[in-house]
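The number in my numbering is simply the position in the sequence shown, starting from 1, with 40 added.
Quick reminder that beta carbons are idealized off the backbone N, C-alpha and C, glycines included.
Have a look at the structure below, then the notes.
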Amino acid sequence: MRQIQPDPYDPERIARELDWNLLRTFVVLAESRSVTEAAARLRLKQPSVSSALKRLEDRVGRKLIYRQPGRYDLTEAGQLLYREAVEINGSILRLSTLLREMTDEVRGHVKLAVASHVVCPFFDRVLAEFHAAHPGASLSIDVHSSAQALAEVSAKRASFAICLVRARNPRLEYSRLYREFFGLFCGPYHPLFGREGLTPDDLDGMPTVSFDTDRLEDVLKPVALMRAQSRLGMRINGTSSNLEEVRRMIIAGLGIGPLPVHVAQRDVADGLLWQVPPFSELPAIDVHLVWNPQAVLNRAEMILLQMIRDAIAATPIEERTYLPGPGG
C-alpha cells in the first residue's frame, strides 16, 4: 500500500511542533544584520543561533534568511513569519504581566509610545483623572518618531500610541486626539528675529531646519508645502524627528523652521522664538490615538484607553483644536 506523505505545511503540525523559543530567536535574527550580531544580542554562541535557524526552517519548510557573503536578507517567507512572530512574541511577553496584576486594585502598568511634539492639555487632563482614580497603576512614556511609535503598537510592545499617521494599517484602530497648526519661526541669532511687518519676500532663499517627516511624500506634507510656498531656500541645515531638537536648531540660528504654534507660544513670549510669514491659512495637522485591537491589555491599559476614547467621543473636535492665535 502506498504510504501517504504528511503535508509539510499542515497548520496543526506546525502549531504542535513549533518551539516558541525558536520564534523569539528568529525575531532577533530578523532585526539584526548578521547571525553574529544576533548571537551577541541573545548572549549565545553563533553555532547555537545558526542551528536554531536551521531547525525553524525545517519546521516551517521554507528558507527564511538569505545568508551569503555580503548578503543577509529575509526571504519572502521570512518577512511573513517575522510579522507574525513579532505579534506572537509580544503576546507571550505580556502573559506574566497580566497574571501578576490580577488583584482587586488596578495596579497594571501602561506603556505609551508618543511622538515628541505631543503637547495636548486635553490628554493631560485624562491622565490626571486616570491617576486620581487608580493611583496604584504606573505609567511609562517612550518618545519615538511617529513611524516607530506605530511599530511599537503593531508589535504589542506599547499599550497604545499618540502620533501622526500617514497610511493606516488595517490591523490597528485610530481615533483623532487633537488638531494643531504649524507656523514658521526663527531664533534670536537670525537676521529676521524681532522684525515687524515681514512678508514672504523677506524669507526668499533663506536656509531652513525641519522634521525628518517634513517631505512632500510624508506625514507632514502640509508643512512641506507651507515651506515651499513661503519662498524659503532649498538648503536644509538640520533635521530631526524630535521637536525639542528642531526647536534647539531654530533657536541656535541654523535656519527658519516649523513648529506647532500653540507649542511655540511660550518661547515667543519669552523672546526665544519669532514667528515669520505666513500668518494665515496655516497647515492643520491631526494627531491620533492608535491602538492594537489584537493586543491583550491589562486592566490599567483597558481603563486608560477607554477613558481617552470616551473623552474624545464626548468632546467636539473644536474643543480639541489648538488654534494659531491672534496672528493666524
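According to DSSP, what are the bridge partners of residue 220? Paired residues: 325 and 362.
Under a three-way DSSP split, which group does residue 182 fall into? strand
With three or more beta-carbon pairs closer than 8 Å as the criterion, would you say the stretch 314-323 touches the stretch 180-198? No, because fewer than three Cβ pairs between the stretch 314-323 and the stretch 180-198 fall closer than 8 Å, the two stretches do not touch.
Looking at the structure shown, is residue 108 part of a helix, part of a strand, or coil, going by DSSP? strand
For residue 118, collect the residues of the same chain with a Cβ closer than 6 Å to its Cβ; drop the 5 residues on either side in sequence, then sort them by chain order. 104 and 105
Is the beta carbon of residue 312 closer than 8 Å to that of residue 291? yes
Classify residue 332 as helix, strand or coil using the three-state DSSP reduction. Here residue 332 sits in coil by DSSP.
To the nearest angstrom, how far is it from the Cα of residue 176 to the Cα of residue 165? 18 Å
Got a sec? Which residues, its chain only, sit under 8 Å from residue 289 by beta carbon, not counting five neighbours each side? 249, 277, 278, 280, 295 and 297
With distance defined between alpha-carbon atoms, name the residue in 88, 273 and 72 nearest to residue 61. 88
Residue environment, residue 85, which counts as buried when at least 16 other CB atoms sit within 10 Å: Exposed, by the Cβ-count rule.
Mapping the DSSP letters down to three states, classify residue 171 as helix, strand or coil. helix
Quick one: what's got a C-beta closer than 6 Å to residue 307's C-beta in the same chain, skipping five residues either side? So the list reads 313, once near-sequence residues are dropped.
Suppose you measure from the CA of residue 180 to the CA of residue 150; what does that come to, to the nearest Å? 6 Å
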